[in-house]
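Structure first, then comments.
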Amino acid sequence: MGLPSLSPLIVVVLLLWQQSEGCGACWVEEKAALLDIKASFSVNPGTTWQLNWDNGDDCCKWQGVTCDSVEGWITSLDLRQTSVNLTPRLLNSTLFLPFQELNNLSLAENFFNCCVPGSGFESWSSLSKLEVLDIRRNNFNDCNIKSLVRISSLKTLLISQNQLSDVLQIKQLSALNLEVLDLSGNKISGIISDLGYWPFLKALSLRVNLLNMGRLCKVGMLQELDLSQNEFTGELPACIRNLTSLTYLDLSNNHLQMKFPTPVFADLTSLVYLSLSGNQLEGLLLLSSFSNYSKLKILELSSQSGALPLGFSYLQLIFVLDISYNNISDHIENALQGNLTSLHSLYLSNNSFYGSLPNLVKARRMIDFVLDGNLITGKIPDSICNVSLLTFIDLSNNRLNGRLPSCLSQISKLEILNLGGNVLEGALPTSICSMQYLQFLDLSRNNFSESFPSCLNISNLQFLHLSQNSFSGTFPIGLSNSPNLRTIDISGNEFSGTLPKWINGTFVKLRVLLLKGNEFEGPIPNQICQLKHLLVLDLSHNSLSGQIPSCLSSMGSEGAFYSFQYANTYGSGSALIMPYYEFLLDNKMKTYGVGSIGVDQEEFMTKRRSDYSRETTSIIFLV
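The numbering of the sequence shown is my numbering, which starts it at -3 and goes up by one.
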C-alpha cells in the first residue's frame, strides 16, 4: 500500500506556504521562543538539528521562519523533519504560545507520540490567527486530536499518517469551521456518515482507512473528495449526486458495486478528476455517457473485477484515460478511434486488445501511450513518430514483429521506451543514438541481432535491458557515455571480447550488472571492485578465465550478491563458486527487487506516471 497522496487543494495550500516570504526584522521575545523550541527538540546529546537557527540576529531569515513584512511578527513556522530526538517523543505545545500572529504551523514528519501532560493542543486556543496546522506523519491518537477543537481559528488541518481510529472522536472536529481536512493513512474505522456535519468543508481526504460507506450527504460545499482504499462495499449512496460542486472524486480500490449506466454521477458535471479504479463495475460502460462532463480531464477505470465492456468514444477534452487491468477484448482500432486530439495519456495495459496498431495521426498531443500486456500484432507503424510529444511508450508483452522504425529519433523527448517481450528483429536503427532524454530502455526478449550501436550517446540513460536477444560484438562502447546507469542487463546474448577496464570510472551509480550467458573472455578486471553501489553482479556462463579478484568479497553495498558459476576461474578465488547459484540468485534478486524490472525501475516508472498525473491535475486546478 502506497503512501497517501494529497489532493490538489491541499497541495496548493502547501505550495503557497513554502513560497511565502517575510522581510521584517524579528522581535526579541519571539527569537528567544525559537531558541527554546530548538533546545526542547534537541535535548539528547549528539542530536543533529536540521534547521540552522544560530546565524545572525534576524530570526526572520532563519530557515523555516516567515515573518510579517511590515511589523516583523512571525506568521509561519515550518518545522518538518527537524530530527527531533526526544525520549519520550512528547510535544510541549506551550512553547508556541509566544507566537500570537502565527498563521501557519507545520510539525509534520517528527513522529511525536503525544503532548507533554498539561501542555496539549488546547493551549493553542489563544493563537487566534492560526489557520493552517500540519501534523502529518506523527503518532498522535484520538485523545490528542479531540483537543484540537479548542483552536477555533483553524481552516486547514492535515493529520494524515497518525494513529487515529475512532470516527466518533473525529466527529468532534466538525465543531471547527474547517475548509481542508486530510485524515488519510490512519486506521479510522466505522461508518462514514458518523463523521457528522461539515458545512464549510471544501477538501476532504479519507484515503487509506478502514471506513464503511454509509451516507455522505452533509458536506454540500465539497470540491475535492478522496475516499480511495477503504472498506466500502455495495452501491454508492444516492445522495452523492447532491455534491454538485465536486471537481475531484477518488473512489478507487474499494469494493463498490456499480452497474452502468448509473444515475449517481448524473449531476456531478463539474468533475475534473474521477477515479473508479479497483472496484466492481458492471454493465456496458459507454465512455460517451460522460459527454456531459465538459470539464472532465482525468478518468481512471482500471482494475475492475469482472468483464467491463466499453463503448469507445472519447470525450473531446479529456486529458488522461486509464482502463488498464480489465478484461476488455476488442480490436485496438476501436480503442483509438474518435477524437483524440486532446488526449495526453492513454493507459490500456493488461487487457486483450488485438489487431495491428493503426495510424496515430489523431493523437498528436499524446504524451503517455501504454499498451503493454495485450495481443497486438504486426509492425510498429511509422506514424508513431509523428506523435512527437511522446515521453512514455510501453508496448511490451505483445506480439509485435518486424524492425524498429528508423524515425524514432523524431520523438525527441522520449524518456521511457519499453518494447520487451515481443518478436521484433534485426539491427537497431542508429537513430536511437540521438534520443537524448531517454532514461529507460527495455528491448529484452526479442530477436534483435548484430552489434549494439556504438554511436549511443545518451547521458540520461538509467535502466538498460537487452537480455535474451542475439546482439553480438564487444561490450557496448556507447554505454561509456551513460554515467547515470543504475541497471545494465545484457544477459543471454552473443557479446564477446574482454570486459572493459573503464567500467569503474563510468558507472558510478550502477546497482545491477547482469552479463550472464554471453561469450566474454579473459580476466575479470579489478576495476569492477570500485563499483561502490553494486548490489547484484552475474558473470556466469561466459568464458572468463584467471583468478576472481579477492576484492570482490568486500566491495559494494552490504549484502551484495555475486555469481561466477561456469566462469572457468583458477586459484584461491575459485572458492567463491556456488553450484546452486541460479536458485540463490533468483531469490536474492527478488529480495533486492531486481527481477525483470526491479524495485528501482518500478519506482522510477510509477513515479514518472504519478508525477505526470499530479502535474496534470495541478495545472487543471490552478488555471
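Just so you know, even glycine gets a beta-carbon here, dropped at the ideal spot from N, CA and C.
Collapsed DSSP secondary structure at residue i in the structure displayed
i: residue 118; result: helix
i: residue 106; result: coil
i: residue 28; result: helix
i: residue 138; result: helix
i: residue 349; result: coil
i: residue 569; result: Confidence is the limiting factor: at residue 569 the pLDDT is only 33, short of 50, which leaves the residue's position unreliable, though a coordinate-based value still follows. Here residue 569 sits in helix by DSSP.
i: residue 483; result: strand
i: residue 36; result: helix
i: residue 66; result: coil
i: residue 563; result: Note that residue 563 scores a pLDDT of 42, beneath 50, so its modelled location is shaky; the value from the coordinates is reported in the next line. In the structure shown, residue 563 sits in coil (DSSP, three-state: anything other than H, G, I, E or B).
i: residue 61; result: strand
i: residue 125; result: coil
i: residue 22; result: coil
i: residue 616; result: Bear in mind that the predicted position of residue 616 carries a pLDDT of just 34, short of 50, making it unreliable; the figure below should be weighed with that in mind. Looking at residue 616 - three-state DSSP - the assignment turns out to be helix.
i: residue 262; result: coil
Cβ-based neighbour list, residue i, same chain, cut-off 6 Å, excluding 5 preceding and 5 following
i: residue 247; result: 223 and 272
i: residue 252; result: 228 and 275
i: residue 154; result: 130, 132 and 178
i: residue 105; result: 76, 77 and 133
i: residue 118; result: 143 and 146
i: residue 489; result: 465, 467 and 514
i: residue 622; result: Shown here, the chain extends from -3 to 619; a query on residue 622 therefore has no answer.
i: residue 299; result: 273, 274 and 321
i: residue 438; result: 414, 416 and 461
i: residue 593; result: The pLDDT assigned to residue 593 is 49, lower than 50, so where the model puts this residue is not dependable; a value taken from the coordinates is nonetheless given after this. Around residue 593: no qualifying Cβ.
i: residue 124; result: 149
i: residue 128; result: 100 and 152
Span separating the alpha-carbon of residue i from that of residue j
i: residue 341; j: residue 183; result: 33 Å
i: residue 58; j: residue 74; result: 11 Å
i: residue 414; j: residue 202; result: 35 Å
i: residue 658; j: residue 343; result: Any question about residue 658 goes unanswered here, given that the chain covers just -3 to 619.
i: residue 392; j: residue 241; result: 40 Å
i: residue 394; j: residue 542; result: 42 Å
i: residue 443; j: residue 419; result: 6 Å
i: residue 149; j: residue 173; result: 8 Å
i: residue 371; j: residue 349; result: 6 Å
i: residue 90; j: residue 199; result: 29 Å
i: residue 589; j: residue 88; result: Interpretation of residue 589 is limited by its pLDDT of 42, a score under 50 that renders its predicted location unreliable; no figure is taken from the coordinates.
i: residue 180; j: residue 546; result: 51 Å
i: residue 469; j: residue 367; result: 32 Å
i: residue 326; j: residue 479; result: 43 Å
i: residue 36; j: residue 126; result: 22 Å
i: residue 330; j: residue 536; result: 47 Å
i: residue 431; j: residue 409; result: 7 Å
i: residue 269; j: residue 290; result: 12 Å
i: residue 204; j: residue 162; result: 14 Å
i: residue 250; j: residue 346; result: 20 Å
i: residue 112; j: residue 167; result: 24 Å
i: residue 411; j: residue 451; result: 18 Å
i: residue 93; j: residue 526; result: 54 Å
C-beta contact flag for residue i and residue j at 8 Å
i: residue 505; j: residue 482; result: yes
i: residue 436; j: residue 467; result: no
i: residue 80; j: residue 70; result: no
i: residue 110; j: residue 140; result: yes
i: residue 453; j: residue 433; result: no
i: residue 207; j: residue 188; result: yes
i: residue 357; j: residue 322; result: no
i: residue 295; j: residue 314; result: yes
i: residue 21; j: residue 68; result: yes
i: residue 95; j: residue 29; result: yes
i: residue 385; j: residue 361; result: yes
i: residue 520; j: residue 484; result: no
Contacting residues, own chain, Cβ-Cβ under 7 Å from residue i (five flanking each side not counted)
i: residue 378; result: 401 and 403
i: residue 32; result: 91
i: residue 288; result: 265
i: residue 255; result: 278 and 279
i: residue 97; result: 64, 69, 70, 71 and 125
i: residue 135; result: 107, 108, 109, 158 and 159
Same chain only: Cβ atoms within 8 Å of residue i, ignoring 5 sequence neighbours per side
i: residue 170; result: 191, 192, 193 and 194
i: residue 517; result: 492, 493, 494, 538, 539, 540 and 541
i: residue 397; result: 373, 374, 375, 418, 419, 420 and 421
i: residue 238; result: 213, 216 and 263
CB contact below 8 Å: residue i versus chain D
i: residue 62; result: The structure shown contains no chain D; it holds only a single protein chain.
Residue i Cβ short of 7 Å to the ligand COA heavy atom set
i: residue 151; result: Summarising the ligand content, the structure contains no ligands, and the ligand COA is consequently not present.
_At 3 residues or longer, what runs of the beta strand (DSSP E) sit wholly inside the stretch 366 to 402?_
Runs found: 371 to 374, 388 to 390 and 395 to 398.
*Any chance you could list the beta strand (DSSP E) runs of at least 3 consecutive residues sitting entirely within the stretch 210 to 250, in chain order?*
Entirely contained in the stretch 210 to 250, the beta strand (DSSP E) runs reaching 3 residues are, in chain order, 220 to 222 and 244 to 246.
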